[in-house]
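Contents: one structure, followed by commentary.
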Amino acid sequence: MQLTKESVQSALQSPLPGLPAQLLMAPLPEGESGRTIPAPPPGVRKSAVLLLLSNNDESGLTELTLTLRSSRLLSHSGQLSLPGGRIERDETIEMAALRETREEIGISEESPHVLGELTSLHVPHSGNLIFPVVGWIDALPPLHLEPFEVSEAFQVPLSYLYEPGRKYVEEWNLRGQTYHVPYWKVHHSVPLWGATAMILSEFMALTQRITDHQGLSDSTA
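The numbering of the sequence shown is the numbering used here, which starts it at 76 and goes up by one.
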């Protein structure tokens, strides 16, 4: 799959797929028939993350940068994630996403071109409201990781997330309860699940519109 900066930016200006698309990758408690997320309470902690896109010069495929959170972190340690963190009092969502990306993987705030935002996601377990920002970088520079926060950073072709053989559902025990957990296998040992997978699920629904439109345009050309 190869996207363009312009096609993604245009798609983000249309109505977003929203919560229904996010819930496709949400863990489901055993015995429940549907996934739900409560509304965020007043004063909820707010964070911003960056979906950083780039086209691989060799393969031509559009890729997404993921990080593996350090085992030393108190929250979501050892999980696959997007660069990001807490929004400070004097920051916008965009400013926070870019600052955290610089701090975690060493990409300056001026490098990514911000294309828009996805639907915010409330994570009740961590008491967090996440605002996903989508950015594009024409040439991905060497990454410089902040080792206390990030153990690893790598690029995943978006097309991987469409491959049926990379999506699984397993029963996990989370906080003393059995859940059916959907996840993607894009790393040799760590599953891509939870809030990050839910955010990417909405983005994949959005990019599907782009590829569907491209296919329609090709068939009518």
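Where is the CB? At the ideal position from N, CA and C, for every residue including glycine. Since the structure is predicted, the reported quantities are computational estimates derived from the model, not experimental observations.
- Per DSSP, what kind of secondary structure is T111 in: helix, strand or coil? Here residue 111 corresponds to residue number 36 of the sequence shown, with the count starting at 1. In this structure, T111 counts as coil in the three-state DSSP scheme.
- Query: In whole angstroms, what is the alpha-carbon distance linking A296 and M76?
  - Reply: Numbered from its first residue, the sequence shown carries residue 296 at position 221. Numbered from its first residue, the sequence shown carries residue 76 at position 1. With a pLDDT of 46 at A296, under the threshold of 50, the modelled position of this residue cannot be trusted, and the question is left open.
- Which term fits E184, buried or exposed, when burial requires 16 or more other beta carbons within 10 angstroms of its beta carbon? Numbered from 1 along the sequence shown, position 109 holds the residue referred to as residue 184. Classification for E184: exposed.
- Item | Within 9 Å, strictly: CB atoms of L155 and L136 | By one-based count along the sequence shown, residue 155 stands at place 80. By one-based count along the sequence shown, residue 136 stands at place 61. Against a cut-off of 9 Å, the Cβ pair of L136 and L155 comes out as no contact.
- Task: Name the residue from Q88, P239, H188, T176 whose alpha carbon lies nearest to the alpha carbon of E221.
- Result: Your numbering for residue 221 matches position 146 in the sequence shown. Taking only the C-alpha atoms, the option nearest E221 is T176.
- Do you know offhand how far P199's Cα is from P113's? Here the question's residue 199 lines up with position 124 in the sequence shown. Here the question's residue 113 lines up with position 38 in the sequence shown. Approximately 7 Å, taken between the alpha carbons.
- Is DSSP giving V256 helix, strand or coil here? Taking the first residue of the sequence shown as 1, we reach residue 256 at position 181. Three-state result, V256: strand.
- Item | Start-end ranges of the beta strand (DSSP E) lying completely within the region 114-167, minimum 3 residues | 120-130, 137-144, 159-161
- Query: In three-state DSSP terms, what is S292?
  - Reply: Counting from 1 along the sequence shown, the entry for residue 292 is found at position 217. With a pLDDT of 48 at S292, under the threshold of 50, the predicted position of this residue should be treated as unreliable, and no value is reported.
- Grouping DSSP H, G and I as helix and E and B as strand, with all else coil, what is P104? Locating residue 104 in the sequence shown gives position 29, counting from the first residue. In this structure, P104 counts as strand in the three-state DSSP scheme.
- Query: Nearest-angstrom Cα distance between L125 and P104?
  - Reply: If you number the sequence shown from 1, residue 125 lands on position 50. If you number the sequence shown from 1, residue 104 lands on position 29. Each residue's Cα considered, the two are about 28 Å apart.
- Query: Any idea what DSSP makes of V83, helix, strand or coil?
  - Reply: Looking up residue 83 in the sequence shown gives position 8. If DSSP states are grouped into helix, strand and coil, V83 belongs with the helices.
- Does the beta-carbon of A214 have 16 or more other beta-carbons within 10 angstroms, so that it is buried, or is it exposed? Translated into the one-based positions of the sequence shown, residue 214 becomes position 139. A214 is exposed by the Cβ-count criterion.
- Whole angstroms is fine: what's the gap from A86's alpha carbon to P207's? Position 11 of the sequence shown, counted from the start, is the residue given in the question as residue 86. Position 132 of the sequence shown, counted from the start, is the residue given in the question as residue 207. Cα-Cα distance, rounded: 15 Å.
- Mark R174 as exposed unless 16 or more other C-beta atoms lie within 10 angstroms of its C-beta, in which case mark it buried. Indexing the sequence shown from 1 puts residue 174 at position 99. So R174 counts as buried.
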